[in-house]
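I have placed the structure first, in the form of C-alpha cells, so that the comments after it can refer back to it.
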Ligand code: ADE
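Below is the structure:
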C-alpha cells in the first residue's frame, strides 16, 4: 500500500516510519510512504504557504495554490487515489474506517497546519476528511502517522504473527481479553488457572467471556454493534441479571 503525505513538517515522519514494524514493512515493500514538502510547490523567495483570512480575525490560513500543485504533481490529474484531509472536522477514525481505507492501493494524506486551510482545498481537492478524535492538535502530522500505522498493520504480512490483527481490541467489535506471560507468580500475583490448563476450548471460551465482560465494563456502547452469538448474549444476560441496579460491574 502506498501513502503520499503532504506536509509542512516533513522531517518529523522518518523517526517513526524508520522504526520497528513499519520499517520492516517498507523494507519488504508491503508499505511505501512518500513524504512531500508542500513548500516545494511555492514560487516566491520565502516559500510562503499561508496568508491572513479574508474577513479578518486571527490566525493564518494555508493557501490553496501550493497544495493543489503538490497533490496534482504527485498524483497526476485525474487524481490517482483518494485525497484525505486530517482535520478535527472529519469523520472520527475507528477500526471500521481503518479496514475500509486499507482496501485502497494508494492514499494521499494532507496534514493541515495553522488555523485551517482555504475552503476550496476541501471542496475541490479533498475527497474525504478524517479526525482522530474530538480534540484539537497543532497539525495533522500525528493523525497522519496514526492512520498510516493503523492501516499498515492490517496489510497481510506486516505483523509477524499470521493471525495478525484478528483478535485486537475493536477488530472483533469488542475489547481484547487480558494477557499474561511468565512468571506464573509475580509479587504474589498469580495467573488465572485456566490459562495454565492446556485446555484450548476452555481457554478460548474464557477469553471470549473476558472480552465481553471488559467491553461491558468499559465500553458498553460497543456491545450494541458487536457480532454476538446466542452464547455471548446468554453470558451477558446472566451478568446483568446477577447485578442489582446500583452494583458496579
Ligand atoms: N488536526 C488537528 N487536530 C486533529 C484531529 N483531532 N484529527 C485529525 N487532524 C487534526
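Residue numbers (my numbering): 2 to 250. All residues carry an ideal CB built from backbone N, CA and C; glycine is no exception. Since this is a predicted model, take the numbers as computed values, not measurements.
Touch test, the segment 169-178 against the segment 208-226, Cβ-Cβ under 8 Å, three pairs minimum: Look at the beta carbons and you see the segment 169-178 touching the segment 208-226: at least three pairs across the two are nearer than 8 Å.
Of the choices 112, 149, 121 and 142, whose alpha-carbon is the least far from that of residue 100? It is 149.
Assign residue 162 to one of two classes, buried (16 or more other C-beta atoms within 10 Å of its C-beta) or exposed (fewer than that). Here residue 162 is exposed: its Cβ has fewer than 16 other Cβ atoms, across all protein chains shown, within 10 Å.
Cβ-Cβ distance between residue 151 and residue 96 below 9 Å: Pairing residue 151 with residue 96 gives a Cβ-Cβ distance under 9 Å.
Give a single yes or no on whether residue 131 has its beta carbon closer than 8 Å to a heavy atom of the ligand MG. In the structure shown, the ligand MG is absent; the only ligands present are the ligand ADE.
Going straight from the alpha carbon of residue 205 to that of residue 146, what length do you get? Computed Cα separation, rounded: 34 Å.
Under 6 Å Cβ to Cβ from residue 154, same chain only, skipping five residues before and after it: list those, please. Result list for residue 154: 160 and 166, in chain order.
Are there any heavy atoms of the ligand ADE lying less than 8 Å away from the beta-carbon of residue 97, as far as the coordinates show? No; taking the cut-off as 8 Å, the Cβ of residue 97 has no heavy atom of the ligand ADE nearer than that.
Span of the beta strand (DSSP E) around residue 110: Its beta strand (DSSP E) spans residues 107-112.
Please name the residue in 17, 2 and 3 whose C-alpha comes closest to that of residue 142. Of 17, 2 and 3, the residue nearest in Cα terms is 17.
Let me check one thing: in DSSP terms, what residues is residue 118 bridge-paired to? Per DSSP, the beta bridge partners of residue 118 are 63.
Are residue 94 and residue 132 touching if we call contact CB-CB under 9 Å? Contact flag set, yes.
Sorry if obvious, but does the Cβ on residue 140 come closer than 8 Å to a heavy atom of the ligand ADE? True, at least one ligand heavy atom lies under 8 Å from that Cβ.
Heavy atom of the ligand ADE less than 8 Å from the Cβ of residue 60, yes or no? Judged by the Cβ position, residue 60 fails to qualify as a neighbour of the ligand ADE at the 8 Å threshold, every heavy atom of the ligand being at least this far.
Find the nearest neighbour of residue 156 within the set 19, 30 and 9, judged by alpha-carbon distance. Cα-wise, what sits closest to residue 156 is 30.
Run the proximity test for residue 223: is its beta-carbon closer than 8 Å to any non-hydrogen atom belonging to the ligand ADE? Because no heavy atom of the ligand ADE lies under 8 Å away, the Cβ of residue 223 does not count as near it: no.
Residue 232: first and last residue of the uninterrupted alpha helix (DSSP H) it sits in: Per DSSP, residue 232 belongs to the alpha helix (DSSP H) from 231-242.
With H, G and I counted as helix, E and B as strand and the rest as coil, what does DSSP make of residue 52? In the three-state reduction of the DSSP assignment, residue 52 falls in the strand class.
Hey, would you say the C-beta of residue 137 is under 8 Å away from at least one heavy atom of the ligand ADE? Yes, the beta carbon of residue 137 sits closer than 8 Å to at least one heavy atom of the ligand ADE.
Contact defined as beta carbons within less than 8 Å: I believe residue 140 pairs with residue 112. What is the distance between those atoms, to the nearest angstrom? Indeed they touch by this definition, with Cβ atoms about 6 Å apart.
For residue 70 and residue 42, I'd like the C-alpha separation in whole angstroms. Answer to the nearest angstrom: the Cα atoms are 6 Å apart.
In this structure, does DSSP put residue 37 in helix, strand or coil? Residue 37 sits in a strand when the DSSP states are folded into three classes.
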